[in-house]
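So the protein lines, in turn, are chains A and B. Residue 127 in this note's numbering sits at position 127 of the first sequence, with consecutive numbering throughout. Residue 6 in this note's numbering sits at position 6 of the second sequence, with consecutive numbering throughout. A virtual CB, placed ideally from N, CA and C, is assigned to each residue, including glycine. Following: one structure in structure tokens, then a few remarks.
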Amino acid sequence: MSLKVIQPGLSTSIQDLGRPGYFHLGIPIGGAMDRFAMRVANMLVGNPEGAAGLEVVFMGPELLFESDALVAVTGATLPAKVDGVVQDGWTAFAVKAGQTLSFDFLKSGARAYIAISGGIDTPTALGSRSTYPIGALGGIEGRNIGAGDVIPLGEADMIEPGLNVPAELRRLPGTPAELRVLPGLYWHRLTPAAQQGFFDDDWTVALEADRMGYRFKGGEPLEFVDREQPFGAGADPSNIVDGCYSYGSIQVPGGLEPIVLHRDAVSGGGYFTLGAIISADMDLIGQLQPHTPVKFRKVDMNEAIEARAERKKMLAAVRAHLG
Amino acid sequence: MKTRYTYGGDEHIYVEIDDEMSLDAFFKSLSMSNAVRDANIKGVTEICPANASFQVRFDPDVIAPDEMMKKVQELEHKAGDAEKRLKTRIIEIPVYYQDPWTHETLMRFRERHQDPSGTDLDYAARINGFDSVDGFIEAHHSQPWFVSMVGFVAGLPFLYQLVEREKQLQVPKYLRPRTDTPKLTVGYGGCFSCVYSVRGAGGYQMFGVTPMPIFDPEQKQSYLKDFMVFFKPGDIVKWKPIDRAEYDRILAEVEADTYVPRIAEVDFDLEAFNADMPGTNAKLMEALNVA
Numbered sequence: 001m002s003l004k005v006i007q008p009g010l011s012t013s014i015q016d017l018g019r020p021g022y023f024h025l026g027i028p029i030g031g032a033m034d035r036f037a038m039r040v041a042n043m044l045v046g047n048p049e050g051a052a053g054l055e056v057v058f059m060g061p062e063l064l065f066e067s068d069a070l071v072a073v074t075g076a077t078l079p080a081k082v083d084g085v086v087q088d089g090w091t092a093f094a095v096k097a098g099q100t101l102s103f104d105f106l107k108s109g110a111r112a113y114i115a116i117s118g119g120i121d122t123p124t125a126l127g128s129r130s131t132y133p134i135g136a137l138g139g140i141e142g143r144n145i146g147a148g149d150v151i152p153l154g155e156a157d158m159i160e161p162g163l164n165v166p167a168e169l170r171r172l173p174g175t176p177a178e179l180r181v182l183p184g185l186y187w188h189r190l191t192p193a194a195q196q197g198f199f200d201d202d203w204t205v206a207l208e209a210d211r212m213g214y215r216f217k218g219g220e221p222l223e224f225v226d227r228e229q230p231f232g233a234g235a236d237p238s239n240i241v242d243g244c245y246s247y248g249s250i251q252v253p254g255g256l257e258p259i260v261l262h263r264d265a266v267s268g269g270g271y272f273t274l275g276a277i278i279s280a281d282m283d284l285i286g287q288l289q290p291h292t293p294v295k296f297r298k299v300d301m302n303e304a305i306e307a308r309a310e311r312k313k314m315l316a317a318v319r320a321h322l323g
Numbered sequence: 001m002k003t004r005y006t007y008g009g010d011e012h013i014y015v016e017i018d019d020e021m022s023l024d025a026f027f028k029s030l031s032m033s034n035a036v037r038d039a040n041i042k043g044v045t046e047i048c049p050a051n052a053s054f055q056v057r058f059d060p061d062v063i064a065p066d067e068m069m070k071k072v073q074e075l076e077h078k079a080g081d082a083e084k085r086l087k088t089r090i091i092e093i094p095v096y097y098q099d100p101w102t103h104e105t106l107m108r109f110r111e112r113h114q115d116p117s118g119t120d121l122d123y124a125a126r127i128n129g130f131d132s133v134d135g136f137i138e139a140h141h142s143q144p145w146f147v148s149m150v151g152f153v154a155g156l157p158f159l160y161q162l163v164e165r166e167k168q169l170q171v172p173k174y175l176r177p178r179t180d181t182p183k184l185t186v187g188y189g190g191c192f193s194c195v196y197s198v199r200g201a202g203g204y205q206m207f208g209v210t211p212m213p214i215f216d217p218e219q220k221q222s223y224l225k226d227f228m229v230f231f232k233p234g235d236i237v238k239w240k241p242i243d244r245a246e247y248d249r250i251l252a253e254v255e256a257d258t259y260v261p262r263i264a265e266v267d268f269d270l271e272a273f274n275a276d277m278p279g280t281n282a283k284l285m286e287a288l289n290v291a
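Next up, the structure:
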């Protein structure tokens, strides 16, 4: 029960729902950037929602199946092909032993999720199979997949192909993408004009956009409230005494380019953060390509909690639909 | 000290004990985060203590954010009454200052530095008023350091020097962070020293390198058998300057998985330290010599 990597794609990693519990030591939660897509892919092939699959960035891998399996691809629109025959996205399809799974060009989004019946069965590290390359944890030898790797699969209860998630239960960012922000953390370090400017400005996703963080450019430099820097912080007005970073928090080194910290984020550091992306919009960030226009929208805690409930309702609807 | 409470999105509560660094702020942050852990509040998923602040991650589906906030705030008085005393350990960490590898790296990133004409150590010595790099290096390793936070990347310790504030060394971070730092670089930013546990990006000034691994997912070193991360907040570190020959000798032991760092159990009492810093430090370092 395994598959062989013919060609790994641009940056394909084994991910599940991550390893909570070690952030206080600098080891991030990790796991799928778009958790909704990962969960749905697993549901389609009859896996537990937290089973390990592949996270594909921009360009798909080529995989040779050494055993029969059920496969589903969700998230970004990256058409899958079995021995060259295109398959529907967000739909379970069969791949027989000896067949090759490959991909066409990316149509929209940034990250696709491949779930395989039985799930990927690599060893766990601190309770998760998620790849964290900096700490050499999870995945295969702590790294992304490479040509020639043999990926072990778990035992699967074979279910029929054909399960499908309708378009209204899928989620991709619009244009411009809207990311909702709850101001807080070191928000008070910004002048009122800079606070307003952050939400008024038009931003685009920069090239530095990966599992650790997404950088944004195009807005005006942020102005800080004057103060004498506190002891131990460092001289720049954007410096603080090194503290914890929240997932989704927005740091702005030098007040220049905001960076949203994501699943493989550093756990702390010495740059001020102005608030955080609400939990309901974290999945969306992983689907943003470089140069995508983005607006940040200010929300309050009530809106953040309502949006979170809506996301849960959407996931419940998928579960109900798939029975 | 003025405690400030705020939210980090809808899943985190961030508590800044003080906006400036001090051991008093550290101890209050540590005891408060311990109090949150001991309270076993339903919905808490992670507690991350830092230098002068801490963060609580929670599941807003289990507990409403304002209720969570109230529960954390209610624990502040408990932390205030806690004793500022720790049973901990002092560890001797060998450092090869002015090594060839950090030198190569700092030359490669010179255009991101405040002073491209010299090295990070030249710059740090000058802005701290030292006549020579040697004098600055001496100040860096002559007194012990206190691990006030673990994080950034896997197992990286932030260290705060156990001296009077007027003797604290301070250096800014790089103007723009580097994209590369050699593994086990001894760095410096703000008032904190650090050891980069893994190779990667970094903004701290680079002073040297240690041969002693402090993070190992394979847990091959004897002192990493219990857990892959070596440091804990509250640990005390004494840097020991070494030359190339000793660096190579220790590295050979590390590669043979036989290296044993010098470690001694000690008590650290903040009030005793504040009353007599040189005396407290001498006693801490003496424990290392006995071990």
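Which residues bound the alpha helix (DSSP H) around A:I285? In the first sequence, counting from the first residue as 1, residue 285 of chain A sits at position 285. 282-285 is the span of the alpha helix (DSSP H), which, as asked, contains A:I285.
State the CB to CB distance for the pair A:T325 and A:K107, rounded to an integer number of angstroms; the pair is presumed to be in contact (CB under 8 Å). Look at the range of chain A in this structure, 1 to 323, and you will see that residue 325 of chain A is not part of it.
What are the residues of the region 215-244 of chain A that lie near chain B, defined by any Cβ-Cβ distance shorter than 8 Å? P230, F231, G232, A233, G234, A235, D236, N239, I240, V241, D242, G243, C244
Do B:T102 and A:G184 have their CB atoms nearer than 8 Å? For the purposes of this step, residue 102 of chain B is taken as residue 102 along the second sequence, with counting starting at 1. For the purposes of this step, residue 184 of chain A is taken as residue 184 along the first sequence, with counting starting at 1. The answer is no: Cβ separation not under 8 Å.
Taking the CB atoms as reference points, tell me whether B:L288 and B:F207 lie closer together than 8 Å. The residue given as residue 288 of chain B occupies position 288 in the second sequence. The residue given as residue 207 of chain B occupies position 207 in the second sequence. The answer is no: Cβ separation not under 8 Å.
Name the two residues that bound the continuous beta strand (DSSP E) containing B:H141. Within the second sequence, numbered from 1, the residue matching residue 141 of chain B stands at position 141. That residue, B:H141, is in no beta strand (DSSP E); its alpha helix (DSSP H) goes 133-142.
In angstroms, rounded to a whole number, what distance separates the CA positions of A:A115 and A:L54? Position 115 of the first sequence, counting from 1, holds the residue named residue 115 of chain A. Position 54 of the first sequence, counting from 1, holds the residue named residue 54 of chain A. Looking at the two C-alpha atoms, the distance is approximately 7 Å.
Relative to chain B, which residues along the region 21-32 of chain A have a C-beta separation below 7 Å, given in chain order? G21, F23, H24, L25, G26, I27
Following the continuous alpha helix (DSSP H) through B:D24, name the residue where it begins and the one where it ends. Locating residue 24 of chain B in the second sequence gives position 24, counting from the first residue. B:D24 -> alpha helix (DSSP H) spans 23-38.
CB contact check: B:S31 to chain A, cutoff 8 Å: Taking the second sequence and counting its residues from 1, one reaches residue 31 of chain B at position 31. Not closer than 8 Å to any Cβ of chain A, the Cβ of B:S31 fails to qualify, so no.
CB B:I17 to CB B:M68, shorter than 8 Å? As a first step, residue 17 of chain B must be located in the second sequence, where it is residue number 17. As a first step, residue 68 of chain B must be located in the second sequence, where it is residue number 68. B:I17 places its beta carbon 8 Å or farther from that of B:M68.
Return the first residue and the last residue of the alpha helix (DSSP H) that B:L224 is part of. Indexing the second sequence from 1 puts residue 224 of chain B at position 224. Careful: B:L224 lies outside any alpha helix (DSSP H) and carries neither H nor E.
Identify every residue that forms a DSSP beta bridge with B:Q205. Position 205 of the second sequence, counted from the start, is the residue given in the question as residue 205 of chain B. Paired residues: B:Y188.
Would you mind listing the beta strand (DSSP E) stretches within the region 232-289 of chain B that are 3+ residues and don't spill past its ends, in chain order? 236-241, 262-269
Using a Cβ-Cβ distance under 8 Å, would B:M1 count as near chain A? Against the second sequence, residue 1 of chain B aligns to sequence position 1. It does not: the Cβ of B:M1 has no partner Cβ on chain A nearer than 8 Å.
Could you list the residues in the region 290-321 of chain A with a C-beta less than 8 Å from some C-beta on chain B, going in chain order? Cβ contacts with chain B: M301, A304, I305, R308, K312.
Between A:S130 and chain B, is there a C-beta pair that is closer than 8 Å? If you number the first sequence from 1, residue 130 of chain A lands on position 130. The beta carbon of A:S130 sits no closer than 8 Å to any beta carbon of chain B.
Selection of the region 269-280 of chain A by Cβ proximity to chain B, strictly under 7 Å: G269, G270, A276, I277, I278, S279
Spell out whether any CB of chain A is found under 8 Å from the CB atom of B:G151. Mapped onto the second sequence, residue 151 of chain B falls at position 151. Yes, B:G151 lies at the interface with chain A (some Cβ there is under 8 Å from its Cβ).
Any idea if B:N274 is buried or exposed, counting beta-carbon neighbours within 10 angstroms, 16 or more meaning buried? As a first step, residue 274 of chain B is located in the second sequence; it is residue number 274 there, counting from the start. Counting every other CB atom within 10 Å of its CB across the protein chains shown gives B:N274 a total below 16, marking it as exposed.
With a threshold of 16 other CB atoms inside 10 Å of the CB of A:A316, please say whether the residue is buried or exposed. As a working mapping, residue 316 of chain A is identified with position 316 in the first sequence. Label assigned to A:A316: exposed.
What residues from chain A crowd round B:N51, counting only those whose CB sits closer than 9 Å? To locate residue 51 of chain B, count along the second sequence from 1; it is residue 51. Within 9 Å Cβ-Cβ: G232, V241, D242, G243, G268.
Judging by CA-CA distance, which residue of B:G80, B:T3, B:E111 is the nearest neighbour of B:T179? On the second sequence, residue 179 of chain B is found 179 positions in, with the first residue counted as 1. The shortest Cα separation from B:T179 among B:G80, B:T3, B:E111 belongs to B:E111.
Kindly indicate if chain B contains any beta-carbon less than 8 Å away from that of A:A52. Here residue 52 of chain A is taken as the residue at index 52 of the first sequence, counted from 1. Chain B, which has no Cβ nearer than 8 Å to the Cβ of A:A52, makes this no.
Might you give, ordered along the chain, the residues of its own chain that have their beta carbon closer than 7 Å to the beta carbon of A:P230, omitting 5 neighbours on each side? Position 230 of the first sequence, counted from the first residue, corresponds to residue 230 of chain A. The answer, listed in chain order, is V241.
If you drop the 5 nearest sequence neighbours on each side, which residues of the same chain put their C-beta closer than 6 Å to that of A:G118? For the purposes of this step, residue 118 of chain A is taken as residue 118 along the first sequence, with counting starting at 1. Setting aside the 5 residues that flank it on each side, A:G118 is surrounded in the same chain by L153, G154, E155, A156, each with a C-beta closer than 6 Å to its C-beta; the list follows chain order.
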